[in-house]
Amino acid sequence: MLTSTLNNSTVKNIALVCIADLIVGISYGALALSQGFDWWVPLTLSILVLAGASEFLFIGVIFSGGSPISAALAGLLVNSRHIPFSFAVSDLTGKGAKALLGYHIMNDESVVFGLAQETNTEKRAAFWLCGVGILLCWPIGVLIGEVLGSLISDTHVYGMDAMFPAIILALSLPALTDKRLRITAIVGAVIAVLVTPVLPAGIPVLLALLSLVIYIRK
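In our numbering, the protein residues as written are -5 to 212.
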C-alpha cells in the first residue's frame, strides 16, 4: 500500500490537494458547459490531457474565437514545463508499460510531493498516490461541474480560478528555505509579472524558467 509507506501528514496533505483539484474540476466543468461545449469535450480532456491549466486555456481560446489547432498549440506550450519535470521524476515513474501511466499522472502536484520526500521509496509512493488521486478526482470534479453548471452563472465569483496557483505556492514554500532557490524563484516571479501585460497566456511562465540559470550555476 502506498499510504503505509508515507507518514500521516503527507497522506493528509495529498488528500487535501486531490480534493482541491476536484473542486477546481467542478469549476472547469461548469465553465466549459456555460461556454457551450458538449459534455464529452471537457470530460475527455480531463482524462486524456489531465492538465488543468492547459485545459482551461484550451476552452478559453476556442470560446474567444480561436481555432482548435491554435488552442491545442497553446495548451502544448503551457505544458512544455513538463519536459524538465520528466527528467526530475524519471526514477519515480517506473519502467516499460508502467512508465506510460507514470508520465501521464505527472503534474505539478505529484512532482512537488514526490520530490519533497526524503527516501526513494517515499518519493515514489507520494508521486503515485498524488498522481492517481488526481487522475480520479479531476474527471469526477468535471462531471459534477457539468451537472451543476446550469446553477453557477460565473465560476470566477467563487475564486476557483485562483485555486491552482494557491495550491502550488503552498506546496513550494517549504523548499524556499534554500537561499539560492529562493532568489531563483523571486527572479522568475519578477520576469513573469513584467512580461504578463505584453505576452500571450502561458509564455510568461515559460520565460520565468530563465531564472533557473541562477540556480544551476555553481
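All residues carry an ideal CB built from backbone N, CA and C; glycine is no exception.
Determine the direct distance from the alpha carbon of residue j to that of residue i, and round the result to whole angstroms.
| i | j | result |
| --- | --- | --- |
| Q29 | D172 | 43 Å |
| S40 | T113 | 31 Å |
| A68 | S61 | 11 Å |
| L34 | R174 | The sequence shown places Trp at residue 34, rather than the Leu named in the question. Straight-line Cα distance between these residues: approximately 45 Å. |
| A82 | G125 | 15 Å |
| T(-3) | L193 | 42 Å |
| L167 | I20 | 26 Å |
| D15 | N7 | 12 Å |
| V105 | A47 | 16 Å |
| N218 | G88 | What the structure shows of the chain is the stretch from -5 to 212, and residue 218 is not part of that stretch, so it cannot be assessed. |
| A110 | S205 | 21 Å |
| E49 | I13 | 18 Å |
| L0 | P191 | 42 Å |
| E116 | G108 | 8 Å |
| M145 | L10 | One point to set straight first is that residue 145 is Leu, not Met, in the sequence displayed. Rounded to whole angstroms, L145 to L10 spans 25 Å at the Cα level. |
| V72 | A65 | 11 Å |
| T4 | A120 | 8 Å |
How would you write the range of the alpha helix (DSSP H) that residue i sits in, first residue to last?
| i | result |
| --- | --- |
| D102 | D102 to A110 |
| W33 | W33 -> no alpha helix (DSSP H), and no H or E assigned at all. |
| T(-3) | L(-4) to T(-1) |
| K173 | K173 to V189 |
| V72 | P62 to N73 |
| T115 | N114 to L142 |
| V55 | G46 to F57 |
| L94 | A91 to H98 |
| S80 | H76 to A82 |
Assign residue i to one of two classes, buried (16 or more other C-beta atoms within 10 Å of its C-beta) or exposed (fewer than that).
| i | result |
| --- | --- |
| R118 | buried |
| P198 | buried |
| K212 | For K212, the predicted structure reports a pLDDT of 47, less than 50, and the residue's modelled location is therefore unreliable. The matter cannot be settled from this model. |
| I56 | buried |
| G90 | exposed |
| V136 | buried |
| V18 | buried |
| G127 | buried |
| G59 | exposed |
| V184 | exposed |
| I77 | exposed |
| L163 | exposed |
| T38 | exposed |
Quick one: measure Cβ to Cβ for residue i and residue j, integer angstroms, because I've assumed they're closer than 8 Å.
| i | j | result |
| --- | --- | --- |
| I208 | V189 | Going by Cβ atoms, the distance from I208 to V189 rounds to 17 Å, so no, they are not a contact pair. |
| I53 | F31 | 6 Å |
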